[in-house]
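Working notes, structure below.
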Amino acid sequence: AQSVTQLDSQVPVFEEAPVELRCNYSSSVSVYLFWYVQYPNQGLQLLLKYLSGSTLVKGINGFEAEFNKSQTSFHLRKPSVHISDTAEYFCAVSAVADTDKLIFGTGTRLQVFP
Amino acid sequence: NAGVTQTPKFQVLKTGQSMTLQCAQDMNHNSMYWYRQDPGMGLRLIYYSASEGTTDKGEVPNGYNVSRLNKREFSLRLESAAPSQTSVYFCASSYGGADVFEETQYFGPGTRLLVL
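Listed below in structure tokens is the structure:
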């Protein structure tokens, strides 16, 4: 079985500062990794995903994440955040052989202050 | 394209009442899912349907039933609602085909359910 740990429940940051949201996963099999964003009172929207190939993945809204197999991590980064990035961010994992079962972390609330 | 739509947006039930949450997608996806979202717990899979005519249990199926009515629609039924089912429910769909690069789940806006 897979599991996901998001190490920070809340991350406050000032506008235009860089941010990193941490995600670690556990799995005995090969996995796919995802980051989703949820704006207030909305559904989840895919930011980016790692399936194979380059370990640095670029997503929408200037976000990127790096897959580190040895550290079983998939941290999300943005070099300069905007007020509009205030949202909840979820890391998720699925086994390569069972993509229907997406396991989510508990989420990290990013609060961007002016 | 509307994507994934859910009805109703809000619902208040009394303990023991029943209701059905509706979900539809217009992306011709094969797979559909129902999740619940609770504070501090992320999203947990209730049931999913890999194709029309099939359904499977997820992590937290107790107290729920589902129906994959056709390729577009996937409903979630609470037969006898309990306060522990107070949650936000999300429906999602994905291509579910052989091309792994198409594997992205698309989410609806959610249904907020309060069981008194």
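Protein chains in written order, with the working numbering: chain U, 20 to 133; chain Z, 5 to 120. A virtual CB, placed ideally from N, CA and C, is assigned to each residue, including glycine. Given the structure is predicted, the values throughout are model-derived calculations rather than measurements.
Residue i, DSSP secondary structure in three states
i, result
"Asp60/Z", "strand"
"Asn80/U", "helix"
"Ser88/Z", "helix"
"Ser46/U", "coil"
"Ser89/U", "coil"
"Ser79/Z", "strand"
"Ser103/U", "helix"
"Pro113/Z", "coil"
"Lys13/Z", "coil"
"Ala6/Z", "coil"
Within chain Z, the residues that residue i reaches when beta carbons sit closer than 7 Å
i, result
"Gly62/U", "Phe94, Phe111, Gly112, Pro113 and Gly114"
Extent of the continuous beta strand (DSSP E) run through residue i
i, result
"Arg40/Z", "Ser35 to Asp42"
"Gly46/Z", "Gly46 to Ser53"
"Ser71/Z", "Asn69 to Arg72"
"His94/U", "Ser92 to Lys97"
"Lys120/U", "Asp117 to Phe123"
"Gln21/U", "Gln21/U -> no beta strand (DSSP E), and no H or E assigned at all."
"Glu107/U", "Ala106 to Ala114"
"Glu39/U", "Val38 to Leu40"
C-alpha gap between residue i and residue j, whole angstroms
i, j, result
"His101/U", "Phe14/Z", "31 Å"
"Ala6/Z", "Ala116/U", "30 Å"
"Asp60/Z", "Ser53/Z", "6 Å"
"Phe33/U", "Asn69/Z", "45 Å"
"Gly114/Z", "Glu35/U", "31 Å"
"Thr19/Z", "Lys88/U", "47 Å"
"Ser22/Z", "Pro43/Z", "24 Å"
"Phe132/U", "His94/U", "22 Å"
"Arg40/Z", "Val92/Z", "6 Å"
Under 9 Å by beta carbon: chain Z residues contacting residue i
i, result
"Gly124/U", "Gly46"
Within chain U, the residues that residue i reaches when beta carbons sit closer than 7 Å
i, result
"Ala6/Z", "By Cβ distance, chain U contributes nothing, its closest Cβ being about 12 Å from Ala6/Z, past 7 Å."
"Ser35/Z", "Asp119"
"Ala54/Z", "Asp119"
Under 8 Å from the C-beta of residue i: neighbouring residues of chain U
i, result
"Ser84/Z", "Those within 8 Å of Ser84/Z in chain U number zero; the least Cβ separation is about 27 Å."
Amino acids of chain U, ordered along the chain, whose beta-carbon sits closer than 9 Å to that of residue i
i, result
"Thr108/Z", "Phe53, Leu65 and Lys68"
Interface residues of chain Z facing residue i [CB-CB closer than 8 Å]
i, result
"Phe109/U", "Gly46 and Leu47"
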